[in-house]
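*Asks:* Attaching a single structure in structure tokens format; questions to follow.
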Amino acid sequence: MLKAFLYGWIIILVAVFTSCDPDWDFDSDYESEVVVEGGITADGFAKVYLSQSKILNSTWDSIALSKLPIMSAKVTVSDGSRTEILVGRVDKGRLPYFVYTGSQIRGEVGKLYTLTIIYRGKEITARTTIPKPILLDSIRLQPTEGCDTLYQATAYFNDPAGEANYYKIFTQVEEKDEDYYNAFMGTFSDEILVPPVAKAEVYRGFRHTELNKYTPFFTPGEKVGICFSQITEEGFRFWSQYENEVINSANPVFPNTTNLPGNIDGGLGIWMGYGTAVYHVEVKNTCYYYKH
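See below:
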């Protein structure tokens, strides 16, 4: 079962960097806001991360990281007929190290899902739908030009004509990645696709903690999970802006950004639906074909 889909550190930063080793100022007069990073997938359950927006200072203080997650909120998800209270637990695999998860309401394509958060007497809400998954026809793996030890993956699919479609890719390398990570350059719209058969390059998940040794390509023998999702337009705007900030920032771990576009009423961040399909490949010079 695919466990998670959102892997940006979406803590909204409101001050300019003074170094590459930031710290949060928890003692200033700045009034922090609740930052929401949540999603629900087709045939999957809701997952929501909550943190606080903070001002950056010039030195890193690991103790301050413990103050980022919000662990005492009441988080519910409703599909219009049922309401589920999400359960909070520690998640050591990623910031902010605490997650609220569902186990009763499974995501269905086309349904409206309402997220409600009660924290310190304040109500925060958001709504989203789950787009229909777009299935892949094939995935081609081949060596990169001039190097037989690094492999490129390319996904082929039919993009529905006559409508605007938005896509997101996450990848996971088995025995190396604990979960699925945001693929490098993995957010795009069909405006850049060439019909009738569209193609998208699939890159290794971008991990901030391994920036110095990161490569977007795969190595022979690796077993890779590819999560290919159709997303909403608001989700596309959010992810696109986030990735632009990461790529263009002098500090890719904590991008110097204004508030990212979102859909949270009473807070910051995103609550979005993912129409997902998951594929598993072994990295070698071959092509995987899928019938549907």
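Start counting the sequence shown at -5; every next residue gets the next number (the numbering used here).
By construction, the Cβ of each residue, glycine as well, lies at the ideal position given by its N, Cα and C atoms.
#1: Could you compute how far the alpha carbon of F200 sits from the alpha carbon of F222?
#2: So, with DSSP's three-state summary, where would you put S97?
#3: According to DSSP, is G229 part of a helix, a strand, or is it coil?
#4: Ordered along the chain, which non-local residues of its own chain (more than five positions away) have a Cβ less than 6 Å from that of P210?
#5: Indicate whether A271 and F212 have their beta-carbon atoms separated by less than 8 Å.
#6: Is it true that the CB of E227 sits closer than 8 Å to the CB of A155?
#7: Buried or exposed, going by whether 16 or more other CB atoms sit within 10 Å of the CB of K285?
#8: So the candidates are M266, L80, E117, L187; which of them puts its Cα closest to the Cα of F151?
#9: Could you check which residue in Y145, F39, N279, D184 has the C-alpha nearest to that of K162?
#10: Under 8 Å between the Cβ atoms of L135 and T280?
#11: If you draw a straight line from the alpha carbon of Q287 to that of N242, how long is it in whole angstroms?
#12: Quick one: which unbroken beta strand (DSSP E) runs of 3-plus residues sit fully inside the stretch 136 to 179? Chain order, please.
#13: For the pair the stretch 254 to 265 and the stretch 110 to 125, tell me if three or more CB-CB distances fall below 8 Å.
#14: What separation, rounded to the nearest whole angstrom, lies between the Cα atoms of V84 and G140?
#15: Is the distance from the Cβ of I64 to the Cβ of V28 below 8 Å?
#16: Between the Cα of K126 and the Cα atoms of S132, G219, G104, which residue gives the shortest distance?
*Replies:* Concretely, from the data shown:
#1: Spanning the two alpha carbons is a distance of roughly 16 Å.
#2: In this structure, DSSP gives S97 a state outside helix and strand, which the three-state scheme calls coil.
#3: Here G229 sits in helix by DSSP.
#4: Cβ neighbours of P210 beyond the five flanking positions: F178, Y197, R198.
#5: Contact: no.
#6: Not closer than 8 Å, so no.
#7: Around the beta-carbon of K285, fewer than 16 other beta-carbon atoms lie within 10 Å, marking it exposed.
#8: Considering only alpha carbons, the answer is L187.
#9: Checked all of Y145, F39, N279, D184; the closest Cα to K162 is D184.
#10: Inclusion of L135 and T280 in the CB contact set at 8 Å is warranted, their separation being smaller than that value.
#11: In this structure the chain extends from -5 to 286, so residue 287 is not present and cannot be described.
#12: You should have 141 to 151, 160 to 167.
#13: They touch, by the three-pair rule.
#14: Rounded to the nearest angstrom, the two C-alpha atoms are 44 Å apart.
#15: Yes. Within cutoff.
#16: Nearest option by C-alpha distance: G104.
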